[in-house]
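Below: one structure, written as structure tokens.
There are 2 protein chains.
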Amino acid sequence: MATRTDAPTRREQILKEAARLFAERGFHGVGVDEIGAAVGISGPGLYRHFAGKDAMLAELLVGISEQLLTGGRLRVAEAGTDGDPGVLLDSLIEGHIDFALDDRPLITLHDRELDRLRDADRKLVRQLQRQYVELWVSVVRELHPALAEPGARSAVHSVFGLLNSTPHLGRPGSLPGRTDTAALLHRMARGAFAAAADAVAQEEVAREEVAREEVMKEGVAVEGVAAGTPEA
Amino acid sequence: MATRTDAPTRREQILKEAARLFAERGFHGVGVDEIGAAVGISGPGLYRHFAGKDAMLAELLVGISEQLLTGGRLRVAEAGTDGDPGVLLDSLIEGHIDFALDDRPLITLHDRELDRLRDADRKLVRQLQRQYVELWVSVVRELHPALAEPGARSAVHSVFGLLNSTPHLGRPGSLPGRTDTAALLHRMARGAFAAAADAVAQEEVAREEVAREEVMKEGVAVEGVAAGTPEA
DNA sequence: GCAACAAGTTAATGAGCGTTAACGCGTTTC
DNA sequence: GAAACGCGTTAACGCTCATTAACTTGTTGC
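If you read the sequences in order, they're chains V and G.
Sequential numbering of the first sequence, starting at 1, is according to this note's numbering.
Sequential numbering of the second sequence, starting at 1001, is according to this note's numbering.
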């Protein structure tokens, strides 16, 4: 995580302001003149740096997805194959929260303007997103083996919804400060996952009960809860 | 909850299709001709039913907010003042999930296109949303008195994010069926609230410890954990 | 010193789109 | 039975806006 100290290039300025404006008023709601004005140049001057308005959005969305995925992979790699899945999940959650709190506009764009992309770019972003989700899913299932894959995937999506709710959390001032907010979100995410696993466990217990009763009647052996298969 | 059996009026057809299209491609991303085509009439024919494109969006968003709020108030009223707050919270969660699962496009619009409204309409929608949130906050705080108001509000917003994640849950088929999905979301929401309360409780315990140690030094009595004050 | 280039500028172009105008036509209503 | 009206239609208007053209200017390379 190299902290940059050099001045941001013009491209970066533009991307940052474009992200903010897109998040505020939507991709179609903001004109190129506005983006230009936000960085001190006017309208068509942007075309010296980007092929068009679409290209800016594409670069933003691809960048976000890549950043999330590589960040997640880094944490997985740091944890190694023998690490505590609970610790690893905490690490993933923390990373996602940092991102959600520090780059609210990008989080907003991430699930709001995906459809405005050209087919190729949209496919790429979707693929990156999918890999990021699957990364979480495998960690969650390692920690909560009772969760089947579809349930785990739904749970991960839902927790993303929870963590990505930061833009709705009012402007800084009403909420309890960044550190407390991060801690709150973190515990809620963990609690949500645990509850998801409990739900499945209880359902499976219930089915197990039923199955056992039937077994009693038929006198046939039944295998226990199958361990999750690692990957397809 | 009177179930309608009569045919939908043209206005309702238009609103429904407009909601779907707006959710799919954004307010600015869909033209009036498309909306018209979706209901079998063409372009400007819509102006016999609505003052303009903005009016459709406004009616949709105000309608959603009103529906959520009145639904929530109904459940609170049914529960009465002496009911179990846990049961009431379950009822609120269930109602919200039903809405999120049955009207995904509207849920999407709800937090995506609010800024496209005229000032008056936007203010109205915000006010309705705020009342809905506060309704949840008071119930959550009754169930979890350890949660202070700002934390409870953040928690409610976050759980909304969780429950409103249904549009991201892929098309029906990959996920585990409506009933199971609803049950999963429900338990995750409860788990998230519980975890939020635990977080606060533990923080307060921690502070309490510190306070008690200081007390030991100074020999002064300290009152126990204060019960949550009901309202401001 | 001067071509080459990077990075702007303003003016023009052209498509898309919301809205309005003008008109048609079946169904009420008195 | 005809005036009024509900509900459409197509054509035209006008505005916004992304993109391109043509031109300027400071800086770099040799």
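Ideal Cβ placement from N, Cα and C applies to all residues, glycine included.
query	result
Interface residues of the stretch 1173-1191 of chain G facing chain V [CB-CB below 9 angstroms]	Ser1174, Leu1175, Pro1176, Asp1180, Thr1181, Ala1183, Leu1184, Leu1185, His1186, Arg1187, Met1188, Ala1189, Arg1190, Gly1191
Straight-line Cα distance separating Pro1044(G) from Val76(V)	55 angstroms
CB-CB length for Leu162(V) against Leu1162(G), believed under 8 angstroms	4 angstroms
Local conformation of Gly151(V) per DSSP, three classes	helix
Buried versus exposed, by CB contacts within 10 Å (16 or more), Thr81(V)	exposed
CB of Leu1117(G) within 8 angstroms of CB of Val1125(G), strictly	yes
Among Arg1130(G), Phe1193(G), Asp1121(G), Asn1164(G), the one whose alpha carbon lies nearest that of Ala1152(G)	Phe1193(G)
Burial state of Val243(V) (16 or more Cβ within 10 Å)	With chain V covering 1 to 232 only, the question about residue 243(V) has no answer from this structure.
Helix, strand or coil at Asp119(V) [DSSP, three-state]	helix
Collapsed DSSP secondary structure at Ser165(V) in the structure displayed	coil
Outcome for Leu74(V) when other beta-carbon atoms lying within 10 angstroms are tallied against a minimum of 16	exposed
Nonlocal neighbours in the same chain, by C-beta distance under 7 angstroms from Thr229(V), ignoring five residues either side	Annotation note: pLDDT 42 at Thr229(V) (below 50); position unreliable, coordinate value reported separately. Excluding positions up to five away in sequence, the list is empty.
Enclosing alpha helix (DSSP H) for Pro1105(G) [first to last residue]	1104-1110
CB contact check: Gly161(V) to chain G, cutoff 8 angstroms	yes
Supposed close pair Ser1237(G), Ser158(V) - CB separation, criterion 8 angstroms	Residue 1237(G) is absent from the model: chain G starts at 1001 and stops at 1232.
Interface residues of the stretch 1109-1122 of chain G facing chain V [CB-CB below 8 angstroms]	Asp1111, Arg1112, Glu1113, Asp1115, Arg1116
is_contact[His168(V), chain G] using C-beta, thresh 8 angstroms	yes
Option nearest Asp1084(G) by Cα separation, candidates Ala1055(G), Asp1054(G), Lys1123(G), Val1140(G)	Val1140(G)
Chain G contact for His28(V) (CB, 8 angstroms cutoff)	yes
Residue burial classification, Thr1108(G) (beta-carbon count within 10 angstroms, cutoff 16)	buried
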